[in-house]
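Notes follow the structure.
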Amino acid sequence: MQKFFGGGVKFSDVNMDGKKDVLLLLQYCNDGDSWNMPVIFLQENPDNMMYLDYPNLESYKVEAKTKNGTPFYRDTFFEEFLGKQHLTEKLSDMEGVWTDYAEYLDNILGATMDIQKQIEVFAQNRDKWATDIDFADEQYKFTLADLDMDGQVELLVSHSGGTGFFSYTSFTMLIRMEN
140 MQKFFGGGVK FSDVNMDGKK DVLLLLQYCN DGDSWNMPVI FLQENPDNMM YLDYPNLESY
200 KVEAKTKNGT PFYRDTFFEE FLGKQHLTEK LSDMEGVWTD YAEYLDNILG ATMDIQKQIE
260 VFAQNRDKWA TDIDFADEQY KFTLADLDMD GQVELLVSHS GGTGFFSYTS FTMLIRMEN
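According to the numbering used here, the sequence shown is numbered sequentially starting from 140.
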């Protein structure tokens, strides 16, 4: 018979996005065999687009909300990673491994996309970098370049508009749009 014995809770910025996440470590026992199971709830952040990076991981994302409405999601793939890497002995084992997790995802899912795939991701997420045009003379111009020489292209966007008497230009650079 499997029994739950306890564990611990910690609030920490696991994914390095500036928001506190919730780490749980649950301890189970079955016929003398015991193990720890991590449960991770990441605070949602519009700038943290992990599941745009890896659309085939969407099923591992479990939506959640607190009573005050703060949106969180449970990352069960991250939990599997922690278990496979034997990082479940104590809560502190689960901190400081986000970069390793991202590299792990890149390696097993082939996330280092070819340029055509990167262009498709930018196009699919157009609403994130180009809003609807309000005036007839507004324009979005963009270019792609591998500015940081990492094998993935960055999207540079120029938005201009105005009447000619009152004109404006803005620039945006998306370092990495995740699929």
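Note that the Cβ used here is the ideal one computed from N, Cα and C, for glycine as well.
Helix, strand or coil for residue i? Go by DSSP, reduced to three states.
i              : result
threonine 209  : coil
asparagine 246 : helix
asparagine 175 : strand
asparagine 318 : Unreliable positioning characterises asparagine 318 in this predicted model, as indicated by a pLDDT of 48, which lies under 50. The coordinate reading is nonetheless provided below. Coil.
threonine 227  : coil
valine 260     : helix
glutamine 182  : strand
asparagine 169 : strand
leucine 196    : helix
Here's the rule: buried if 16 or more other CB atoms are within 10 angstroms of the residue's CB, otherwise exposed. What is residue i?
i                 : result
asparagine 318    : The pLDDT assigned to asparagine 318 is 48, lower than 50, so where the model puts this residue is not dependable; a value taken from the coordinates is nonetheless given after this. Flag for asparagine 318 reads buried.
phenylalanine 261 : buried
leucine 286       : exposed
glutamine 278     : exposed
glutamine 291     : buried
valine 153        : buried
aspartate 160     : buried
asparagine 169    : exposed
asparagine 195    : exposed
Indicate, with yes or no, if the ligand FAD has a heavy atom lying under 6 Å from the CB of residue i.
i           : result
leucine 226 : For the ligand FAD, the structure offers nothing, since it holds no ligand at all.
Considering only DSSP beta bridges, list what residue i is partnered with.
i          : result
lysine 149 : Leu162
valine 201 : Arg213
### Query
Counting Cβ pairs, one atom from each stretch, are 3 or more of them under 8 Å apart for the region 199-217 and the region 178-185?
yes
#### Entry: At least 3 beta-carbon pairs within less than 8 Å: the region 221-236 vs the region 198-207
no
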